[in-house]
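In this note's numbering, the protein residues as written are 99 to 438.
Read through the structure below, which is laid out as structure tokens, and then see the notes.
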């Protein structure tokens, strides 16, 4: 594991890579009382040549600094931290699985460690990074998930912290998740406002593919309006689709008639489109699953059925998943895949 202490006035201390193990925290540490904690998540892979690769880590470093600013934690040099993470991954590279779909999960965290009872910016903090081997999200092939369009709970509100990767954003989702599971759904589809705008799904960004009147497709995801986390996978899906349309980088399987939109989507629009046969597919996008197809949505007492395509995944999702995984693992050479 990697640890780097910080103190007000002195700044960042010396980084240390040491064996994984517990570290001591004072019972009055601010992280334990006021949720002064942020984190990131990324993965390291071994390619066919044995080289280690991390997918777009610069975006994680940038987002982590953005999260730190939001809750008055110290910011850091993202390039310097990334080099330290590379050192740690190289040291622990024997933990990187080589089986298809497996990877080494990288979890950087930053916590307030000031010993004080009182709300305010901490004068001490600790940045640490831990690693863990992980298996494929779908070990036996893609299994579409059922979502519960919750009208009882909200994930985020305007002016809040929904656009940041803070620990405080995740604990409040546990009870709603249990509620959804009791009703027979895998995840919550987070809605907002009386119009029931779609925001996120579980801890992933949400995509909807509509069939257009001219026989083409519209790939839609909600805009980054301050309530939605700017996901690395979300940005990657949008960039892949747009680069395909401009022929900068054609993506096998994506249709030529494809519109890419970042716009609000309501549940009423989804329901009406599903009833009219104009929904092609819906899927979540995130680091853990990359792409997670959806087959139904429970909403106001009824299930809206969503097409999933052959093999449990629709045509747009399958094309972007294949391209993304290829780039992540180095099978498709690309600058997004950073060699460690």
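Heads up, the beta-carbon is just placed ideally off N, CA and C, and yes, glycines get one too.
Own chain residues within Cβ distance below 8 angstroms of residue i, not counting five before or after
i	result
residue 187	142, 150, 152, 194, 202, 204, 229 and 438
residue 126	213, 214 and 215
residue 328	161, 261 and 322
residue 99	115, 116, 117, 118, 119, 186, 226, 227, 228 and 229
residue 198	234
residue 113	100, 101, 102 and 182
residue 430	421 and 424
Cβ pair residue i, residue j closer than 8 angstroms
i	j	result
residue 417	residue 350	yes
residue 421	residue 356	no
residue 158	residue 378	no
residue 325	residue 290	yes
residue 358	residue 336	yes
residue 243	residue 278	no
residue 251	residue 281	no
residue 206	residue 227	yes
residue 270	residue 128	no
residue 299	residue 287	yes
residue 314	residue 348	no
residue 297	residue 253	yes
residue 369	residue 308	no
residue 265	residue 137	yes
residue 155	residue 180	yes
residue 404	residue 395	yes
residue 428	residue 175	no
Burial state of residue i, where buried means 16 or more other Cβ atoms lie within 10 Å
i	result
residue 115	exposed
residue 209	buried
residue 319	buried
residue 177	exposed
residue 83	With the chain running from 99 to 438 in the structure shown, residue 83 is simply not present.
residue 274	buried
residue 121	exposed
residue 192	exposed
residue 390	buried
residue 346	exposed
residue 123	exposed
residue 334	buried
residue 397	buried
residue 163	buried
residue 400	exposed
residue 367	buried
Under the three-state DSSP convention, the category residue i falls into
i	result
residue 335	helix
residue 345	coil
residue 434	coil
residue 205	strand
residue 371	helix
residue 418	helix
residue 365	helix
residue 103	strand
residue 353	coil
residue 217	coil
residue 180	helix
residue 427	helix
residue 409	helix
residue 190	coil
residue 265	helix
C-beta neighbour in chain D for residue i, strict 8 angstroms
i	result
residue 245	Among the protein chains of the structure shown there is no chain D, as only one such chain exists.
Beta-carbon proximity list for residue i, same chain, < 6 angstroms, skipping 5 on both sides
i	result
residue 310	316
residue 262	165 and 168
residue 224	103, 209 and 211
residue 190	229
residue 425	432, 434 and 435
Sequence-distant residues of its chain with Cβ nearer than 7 angstroms to residue i (five each side left out)
i	result
residue 361	318 and 321
residue 78	For residue 78 there is no data in the structure shown, the boundaries of the chain being 99 and 438.
residue 386	235
residue 406	242, 379, 391, 393 and 412
residue 374	none
residue 365	247, 289, 294, 296 and 397
Inset, instruction - Return the chain-ordered ranges of every alpha helix (DSSP H) run that is complete within the stretch 113 to 178 and spans a minimum of 4 residues. - result: 128 to 132 and 155 to 168
Legend entry - Runs of alpha helix (DSSP H) wholly within the stretch 221 to 260 (minimum 4 residues, chain order): none
Inset, instruction - Let me know the beta strand (DSSP E) ranges lying completely inside the stretch 269 to 338, each 3 residues or longer, listed in chain order. - result: 285 to 290, 295 to 299, 302 to 309 and 315 to 319
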